[in-house]
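Heads up: the structure comes next, in C-alpha cells.
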Amino acid sequence: MAEQGGHQEEGKVLSNQFSRQEQRTGEKRQWRDGTVELKWYTILIPSTAGIILIVVLIALASKTCPKCDETCPDGWLQLRNKCYSYNNGNINWPKSKEVCKSQGANLVVIESHQELSFVQKFKGHWIGLFRENGKLFWVNGVPLNESLFPVTDPGNCAYISTNKIATNGCNESKPFVCSMSLTVT
Numbered sequence: 001m002a003e004q005g006g007h008q009e010e011g012k013v014l015s016n017q018f019s020r021q022e023q024r025t026g027e028k029r030q031w032r033d034g035t036v037e038l039k040w041y042t043i044l045i046p047s048t049a050g051i052i053l054i055v056v057l058i059a060l061a062s063k064t065c066p067k068c069d070e071t072c073p074d075g076w077l078q079l080r081n082k083c084y085s086y087n088n089g090n091i092n093w094p095k096s097k098e099v100c101k102s103q104g105a106n107l108v109v110i111e112s113h114q115e116l117s118f119v120q121k122f123k124g125h126w127i128g129l130f131r132e133n134g135k136l137f138w139v140n141g142v143p144l145n146e147s148l149f150p151v152t153d154p155g156n157c158a159y160i161s162t163n164k165i166a167t168n169g170c171n172e173s174k175p176f177v178c179s180m181s182l183t184v185t
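Mapping of the sequence shown onto full-length UniProt numbering: residues 1 to 185, in sequence order.
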C-alpha cells in the first residue's frame with residue numbers, strides 16, 4: 001500500500017505539472033496561471049536590431065561628414081567637413097591668428113552661406129578676413145568673394161557683427177573663431 005501511496009504521490013506531482021494547461025499562440029506559450037514563455041528568437045532578434053540601430057545612430061550623430069576620415073578634437077564643433085572652436089578670451093586679431101595656428105587651425109574662413117549662417121551665431125568674434133592694400137583676403141590667401149557678403153567698413157580686420165561681417169582696427173580685443181578642415185575621402 002505504501003507503494004501504491006507512493007505512486008499516488010508521484011501521480012499527483014505528474015498531474016500538477018500538466019494541470020497548468022497551455023495556450024499556444026505562435027511565438028509564445030501562455031499558461032493558465034499567467035506564466036508566459038517566449039521562444040528565444042522572439043527576444044533575440046528585436047534586441048539585436050535595436051542594438052544595431054543605436055550603434056548606427058550614434059555613429060551618424062558623431063559624424064556630420066560621413067566621408068571624413070577623422071573627427072574634430074574634443075570641445076570643437078563640427079559642420080560638414082570643418083571643425084570650429086569658439087574662443088571667448090579677448091585678444092587682438094594678430095594674436096588670435098597665432099592661437100589658432102598653435103592649434104593646427106586658422107581663424108575661420110567662410111566659404112558658403114550655410115557656414116556664414118553657422119558662424120553668425122557668435123557675434124563679436126574675430127574671423128580670418130583681413131584687408132591688405134585696400135583688398136580683403138582670407139588667412140589662406142584667397143580673396144573675398146563679395147557675392148558671399150559685402151564688407152563696407154574701412155577697418156583692416158574682420159569680425160562677426162550683429163547683422164553683418166564688419167571690420168575694425170586689428171589691435172582691438174575680441175573673442176575669436178578658429179576652424180580646421182577634416183580630410184575627406
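Where is the CB? At the ideal position from N, CA and C, for every residue including glycine.
Neighbourhood of residue i by C-beta distance below 6 Å, restricted to the same chain and skipping five residues each side
{"i": "K97", "result": "L107"}
{"i": "N171", "result": "N92"}
{"i": "C100", "result": "N106, L107, C178"}
{"i": "V109", "result": "G128, W138, N140"}
Same chain, Cβ closer than 7 Å to residue i, neighbours up to 5 away in sequence not counted
{"i": "N88", "result": "P175"}
{"i": "S181", "result": "N81, K82"}
{"i": "N168", "result": "G155, C157, Y159"}
{"i": "S173", "result": "N90, I91, N92"}
{"i": "T162", "result": "K123"}
Residue i burial status per 10 Å Cβ neighbour count (16 or more: buried)
{"i": "S147", "result": "exposed"}
{"i": "G141", "result": "exposed"}
{"i": "V184", "result": "exposed"}
{"i": "G128", "result": "buried"}
{"i": "S102", "result": "exposed"}
Beta-bridge pairing of residue i - partner residues as DSSP gives them
{"i": "L129", "result": "W138"}
{"i": "T152", "result": "Answer is none; T152 lacks a bridge partner."}
{"i": "N106", "result": "S179"}
{"i": "K82", "result": "L79, S181"}
{"i": "K123", "result": "For K123, which the question treats as bridged, DSSP gives no partner whatsoever."}
{"i": "T162", "result": "Looking at the DSSP assignment, T162 forms no beta bridge with any residue, so it has no partner."}
{"i": "T167", "result": "A158"}
Cut-off 8 Å between Cβ atoms - residues of its own chain near residue i, not counting five sequence neighbours on either side
{"i": "F18", "result": "With a pLDDT of 44 at F18, under the threshold of 50, the modelled position of this residue cannot be trusted; read the value that follows with caution. Counting only Cβ-Cβ distances below 8 Å, and skipping sequence neighbours, we find nothing."}
{"i": "P143", "result": "K135, L136, F137"}
Whole-angstrom C-beta distance between residue j and residue i, which should lie under 8 Å
{"i": "H125", "j": "V177", "result": "5 Å"}
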